[in-house]
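So the structure is just underneath, and the comments pick up after that.
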Amino acid sequence: MNMKIDPWSALNIYDYSKLFTEFGILPFGQLLPEIADPHRYMRRKIIFGHRGYDLITDAMNNGKPFSVMSGFMPSGRIHLGHKMVMEEIIWHQQQGADAFVGIADREAHSVRGISWENCRDIGVNEYIISLIALGFEPHGHIYFQSDSEQVKDLAFELGSKANFSELSAIYGFTGETSISHMLSAVTQSADILHPQLEDFGGPKPTVIPVGADQDPHIRLTRGLGHKMNMFKIEGREDKGSRRYFSIRSKAAPEDALKELDDRIPGRTKLFEGHVDVYDLDDFGELLRIVREVELEFGGYAFVPPSSTYHRFMSGLQGGKMSSSIPDSYISLTEDPKEAARKVRRAKTGGRVTLEEQKKLGGEPDRCSVYELLLFNLIEDDQELARIYNECVSGQKVCGDCKALAAERMEKFLKEHQELRELAKDRLDEYGL
Ligand code: SF4
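Note that the sequence shown covers residues 248 to 679 in our numbering.
Have a look at this one:
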């Protein structure tokens with residue numbers, strides 16, 4: 248059965264293995280040994296999948312330039328789910344990435360009907376202030392879509408390569424879908440690709456940390472980036488089974504092919520519409536030359552954007568987090584005591600009676616209190632493992648866990664809100 252992921256309807260996807268088989272997302276665990284000091288989301292398999300993240304590990308390990316980018320739609324209160332993405336952006340910034348955060352006001356306005364004034368207010372007072380309070384450094388870029396000429400111009404260019412059938416196949420758009428809604432899809436692709444524009448240092452690997460529901464955007468954008476490029480490189484075999492590379496022109500001027508033929512070292516052959524390269528021993532060098540020539544002839548030479556996918560946190564009452572059910576989520580701007588109260592009333596994986604709990608143990612994998620500890624409140628893996636083991640072996644009672652999680656949540660929010668007050672005075676450092 249086909250599984251459609253719709254980024255505008257916060258689906259809770261429980262069966263993540265389908266994402267590997269049906270959508271070609273790769274397991275993140277394979278890359279873990281390449282990462283010197285992985286984030287707790289990586290260590291704990293909360294980030295479970297990726298596309299093309301090997302480009303990012305290569306950049307991190309070899310001092311090459313790379314970017315991290317993600318966006319937030321200013322449509323409601325900032326909650327722990329947004330904090331996850333912000334932490335991922337900040338972690339990559341600390342590893343050397345040029346970091347970009349877009350406030351998707353065009354999307355909020357076109358899809359949710361939120362006024363421009365409210366977009367600005369929510370964007371700054373909910374999202375940006377918390378982002379700064381969580382540690383985003385001023386050398387990164389924070390912008391509103393509607394303010395960025397680069398993003399708007401690129402969105403228009405990308406729109407020429409995206410058609411209605413493609414968007415409908417990915418997002419389920421119908422004849423009733425507004426043009427602005429469609430435009431907001433290509434605007435998000437422009438968000439993702441614009442760190443590679445000349446203004447920001449040119450083509451480079453860019454990672455987009457997202458929830459699995461955002462994968463359609465990533466696939467669309469990888470496809471659009473590919474379509475925008477002048478060349479594609481194909482691995483081929485001749486009649487004598489010798490392997491070679493063929494650089495095919497998609498929209499390149501003839502002179503650009505001639506330039507490639509001149510610059511690529513070793514044996515090359517120029518044809519109409521393509522250059523073939525034989526006996527190549529450094530594919531990276533070939534890529535570099537092709538991108539260099541494309542840029543000189545006015546092309547984009549986009550590197551396909553990479554992505555990481557994280558699990559969703561469930562709602563405090565079980566099921567999905569929902570902005571229409573305040574008890575299902577914790578906002579970073581709510582009263583810390585009220586948040587602690589929500590934690591104490593959250594659904595656990597405990598048994599009906601204490602006797603059963605002692606005999607059978609609890610079920611931390613179905614416990615929203617354990618999830619809070621796992622995702623947010625315990626950094627030390629050993630402390631977390633101890634709680635898990637004490638739960639499954641029946642040594643722990645839910646009341647103790649709730650008290651611990653409530654106390655830590657209250658402390659975290661109190662400190663975060665103090666940092667938010669300081670962040671409010673620092674907006675000008677970020678050009679806001
Ligand atoms: Fe959850 Fe703790 Fe209860 Fe186990 S003991 S089910 S981890 S609240």
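From the three backbone atoms N, C-alpha and C, an ideal C-beta is built for every residue, glycine too.
Note that the structure is a prediction, hence the values are computed from the model and not measured.
Across the structure, His386 and Arg291 are spaced so that their CA atoms are roughly 29 Å apart. For Ser493, the enclosing beta strand (DSSP E) begins and ends at 490–496.
Along the length of the region 371–423, whole beta strand (DSSP E) runs at least 3 residues long occupy 388–391, reported in chain order. Taken from the Cβ of Thr600, every heavy atom of the ligand SF4 lies 6 Å or farther away.
Here the distance from the Cβ of Gly545 to the nearest heavy atom of the ligand SF4 is not below 6 Å. When the alpha-carbon of Met477 is set against those of Val457, Ala498, Lys311, the nearest one is in Ala498. In the DSSP assignment, Gly641 is bridged to no other residue. Between Thr468 and Ser431, the CB-CB gap reaches or exceeds 7 Å. Secondary structure remark: continuous alpha helix (DSSP H) runs of at least 4 residues inside the region 543–599, in chain order: 583–591.
DSSP, reduced to helix, strand and coil, places Ala283 outside both helices and strands of the structure shown, so it counts as coil.
With a cut-off of 6 Å, the C-beta of Thr595 is classified as near the ligand SF4, since at least one heavy atom of the ligand falls inside that distance.
Per DSSP, Gly349 lies in no alpha helix (DSSP H); the unbroken beta strand (DSSP E) holding it starts and ends at 345–350.
Restricting attention to Ser640, Gln461, Leu444, the CA atom closest to the CA of Thr453 is found in Leu444. Using a 10 angstroms sphere on the CB of Asn410, the tally of other CB atoms stays under 16, which defines it as exposed. Distances from the CA of Ser322 to each of Gln342, Gly370, Ala586 were compared; the closest alpha carbon is that of Gly370. Taking Ser357 as the centre and dropping the five residues before and after it, the same chain places the C-beta of Ser427, His428, Ser431 closer than 6 Å to its C-beta, in chain order. Between the region 547–561 and the region 447–464, the count of C-beta pairs closer than 8 Å reaches three or more; the two stretches touch.
For Glu585 and Glu413, the gap between their C-alpha atoms comes out near 45 Å. In this structure, the CA atom of Gln397 is about 32 Å from the CA atom of Tyr288. Ser561 is not a Cβ neighbour of Ser493, given a cutoff of 7 Å. Cβ neighbours of Thr434 within its own chain (closer than 8 Å, five residues either side excluded): Ala351, Arg353, Glu354, Gln392, Val398, Lys399, Ala402. Between the alpha carbons of Asp574 and Arg588 lies a gap of roughly 10 Å.
DSSP links Met475 through a beta bridge to no other residue. Under the three-state reduction of DSSP, Leu674 is assigned to helix.
Taking a contact to require three or more Cβ pairs closer than 8 Å, the region 373–382 and the region 505–525 do not qualify as touching.
Asp529 has its alpha-carbon roughly 20 Å from the corresponding atom of Gly299. The three-state secondary structure of Ser317, taken from DSSP, is strand. Assigned with DSSP and collapsed to three states, Asp526 falls in coil, not helix or strand. In the DSSP assignment, His297 falls within the beta strand (DSSP E) that extends over 294–298. For Gly458, the uninterrupted beta strand (DSSP E) segment begins and ends at 453–458. Closest in C-alpha terms to Tyr677, from the list Ala306, Phe347, Val332, Ser314, comes Phe347. Contact check for Ala652 against Leu620 passes: the beta carbons are separated by less than 7 Å.
With a cutoff of 7 Å on beta-carbon distance, Val639 and Gly596 are scored as not near each other. In this structure, Phe544 lies near Ala503, with their beta-carbon atoms less than 7 Å apart. Rounded to whole angstroms, the separation of the alpha carbons of Arg535 and Met656 is 48 Å.
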